[in-house]
């Protein structure tokens, strides 16, 4: 079998952890498997490098930032390769150039275009464990790129797809995917299985261990993932197309995201294209907008509220301000920063009407006011006061009895 | 003009120094010059990386060591490029892959084979300062290689040669090449000019700022070098084929090398091939031998003495011991560790008989005993007691009146 294993930054943070990676791989090698191991930068090394860059130039060119941070994974694969050698195991490290992992030229959030598997296969056939730098690529002009947050997961899934690997294992510092963040909901339970779509929603909502781009790619290419801990031998969570549970879970998990702020644009002209212009300008400045709510205002105007990441709030307000005299004519703009998104996700929702109502009932029982609502086929999200987020998550988790296994 | 500038590790050790590099380059840019800047890893970063490797695996594969340490220069060029951007100067960083700088596959001491100048020229023509990682290359299989000690100087010279650059400036933390190490000989004087051959001898003898490989390459391709400080605007020393001084200097400098040990192999059979076998075995284990002295021993045997680096002493003795029963039959082996090499170098020696005698006179006046002597056309080296090295260097420096300029 060909197995792709991905270890995150905490799993290679120091000598002891690096040797732990070698041990985990040895177990598979003894069974005769061929291994491709994708690694992130050690511990907080990416942040250390970004801090250095920020000290030199807070507005550094993205090309040079990618050139800089990509060294982090190269250090990881080289050191880990040395650890394999110390154990008498043949290993070779490859960076994005050496594979190559071809991407677009969008520095800091490049997308993978093509992985050449020839060298990987040759190295495997020569009996090597192949260690590959996660998170990074090269564009057609040989510039170094990075894939953005969660990029190493995406690298692992893409390699598993390109190699048609028999398994793709994502090692992290938690046991798998939980029904909720155990730090917020103490009764949270680890899921044995979850569908790509559920995982996507959980990831997007900030609750997931996996980044949504990696899950999207896994779904697209049908790569079955296992998310598990590098520190114990617990089973982990399988992420796949259809789960085997007798009955599909009505709700798989509860997610809380406090990294959110609400902007309300009040008294916009009620003309066609107003919403388009507003969000077009925001998109041009890479401000991702989440929940959007439009309501009729007074005197033939309309109000649009939406949420953005807290870190993008200032930028979003600046963009609106810049266009208030021209394309975004409005009476006022208000901001609410102390808010949180609480969401439930579950593929079973499609078959079970009344799931949203049950969630709202849980919040009503706790006397928690809902500020905004957004839904998809398999997700319900509410915006509430930030101080009530933990209480809301626990109440919802209890209401749907997520602490009980449905197997 | 196209100028290649090389800055060493101390010149990019921190933010302030990096901005100093930018300032030095700005002066040239204002004059309309195009700049290629070769950088080493920041400060002691290469040693930090090697320590990490040594902690993981003291016997790490050289391929992986090169993969690891090459990240050091990549960090330097990326951060420096950001500093240029902060000053509004267009710059682009290139690693060995991106140039590419093709080398042999000899990890940790690869030799440059070919530099493709197309991308460098394109980037210069687009108005960029081109920042290139020193010390590293790629072999034909895309593996990362490094050039060994002094590698960044070699990179700079090679690029200057490939581009047919108008100047190649080596920036360091000293003002240039001195007649002797000023820490040992207080009256040492900075040289305005020195020939490649003199510089080669000084470099080989451990006294030079430049590594001999870079000087060899400069000589081969006729690249005129300037060695100067990155911290002041003093003139520096020009290294070139023929110096312009009215009269060639009889002696250009005095060098002291304490990193040396003497091995004497006593009572070897006086057969043809004995010396060959001894040095052949040592060469196979990469033990570089310096001064060699052979003398007739007793009873039809011969004695061979030679010097090695102190760090190679144990290895050299082990090699000899391993072959004492077979090809290196001898009566005994003795070692002397407290020795030092003191050398004088000067292209003018060829025209001035009696230079060696004058050196020996200086030592005799100081009552310093000479243990071994070795000479070349432009160099005289003696081996003396380590404790007398400073006194010897000063006496010789005084004898040849090197503190006086001969211009």
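Chains as they are written, first to last, in my numbering: chain A, 18 to 424; chain B, 18 to 424.
All residues carry an ideal CB built from backbone N, CA and C; glycine is no exception.
Per-residue DSSP class, three states only, for residue i
i: residue 380(B); result: helix
i: residue 396(A); result: strand
i: residue 186(B); result: strand
i: residue 424(B); result: Low local confidence applies: a pLDDT of 40 at residue 424(B) is under 50, so the model's placement there is unreliable, and no value is given.
i: residue 255(B); result: strand
i: residue 35(A); result: helix
i: residue 23(B); result: strand
i: residue 245(B); result: strand
i: residue 345(A); result: coil
i: residue 55(B); result: strand
i: residue 389(B); result: strand
i: residue 358(B); result: strand
i: residue 240(B); result: coil
i: residue 328(B); result: helix
i: residue 403(A); result: helix
i: residue 350(B); result: strand
i: residue 155(A); result: strand
i: residue 414(A); result: helix
i: residue 226(A); result: coil
i: residue 30(B); result: coil
i: residue 365(A); result: helix
i: residue 69(B); result: helix
i: residue 419(A); result: coil
i: residue 234(B); result: helix
i: residue 47(B); result: helix
Neighbour flag for residue i against chain A, beta carbons, 9 Å
i: residue 153(B); result: no
i: residue 66(B); result: yes
Chain-ordered neighbours of residue i on chain B, where CB pairs are closer than 9 Å
i: residue 241(A); result: Within 9 Å Cβ-Cβ: nothing; residue 241(A) doesn't reach chain B, min ~31 Å.
Chain-ordered neighbours of residue i on chain A, where CB pairs are closer than 7 Å
i: residue 85(B); result: 92, 95 and 96
i: residue 110(B); result: 81 and 84
i: residue 35(B); result: 73
i: residue 159(B); result: 114 and 115
Residue i at chain B interface by Cβ criterion, 9 Å
i: residue 274(A); result: no
i: residue 88(A); result: yes
i: residue 136(A); result: yes
i: residue 424(A); result: Low confidence applies to residue 424(A): its pLDDT is 40, below 50, so where it sits in the model is not reliable, and the reading given next is rough at best. Chain B contact via Cβ: absent.
Chain A residues whose Cβ lies nearer than 8 Å to that of residue i
i: residue 78(B); result: 98, 99 and 102
Residue i at chain E interface by Cβ criterion, 9 Å
i: residue 30(A); result: The chain labelled as chain E is not found among the protein chains of the depicted structure, namely A and B.
Where residue i meets chain B, residues with beta-carbon distance less than 7 Å
i: residue 69(A); result: 96
Report task. Just list the alpha helix (DSSP H) runs in the stretch 260-323 of chain A, keeping only unbroken ones of 4 residues or longer that don't cross its boundaries, in chain order. Result -> 291-301
Query raised in the report: Taking contact to mean at least 3 C-beta pairs separated by less than 8 Å, is the stretch 35-43 of chain A in contact with the stretch 157-167 of chain A?
Result: no
Query raised in the report: Taking the runs of the beta strand (DSSP E) that are 3 residues or longer, which of them lie wholly in the stretch 71-149 of chain A?
Result: 108-111, 118-120 and 129-132
Report task. Enumerate, from N- to C-terminal direction, the unbroken beta strand (DSSP E) stretches of 3 or more residues contained entirely within the stretch 157-215 of chain B. Result -> You should have 161-163, 184-189 and 210-212.
Query raised in the report: Is the stretch 73-81 of chain A touching the stretch 96-116 of chain B, taking contact as three or more C-beta pairs under 8 Å?
Result: yes
Requested in this report: Determine contact between the stretch 107-117 of chain B and the stretch 144-154 of chain B, defined as no fewer than three beta-carbon pairs at a distance below 8 Å.
Outcome: yes
Query raised in the report: Given 8 Å as the limit, is there contact between the stretch 235-253 of chain B and the stretch 308-318 of chain B, that is, 3 or more CB pairs closer than that?
Result: Three or more beta-carbon pairs separated by less than 8 Å are not found between the stretch 235-253 of chain B and the stretch 308-318 of chain B, which leaves the two stretches without contact.
Query raised in the report: So, do the stretch 373-387 of chain A and the stretch 336-351 of chain A have three or more beta carbon pairs nearer to each other than 8 Å?
Result: no
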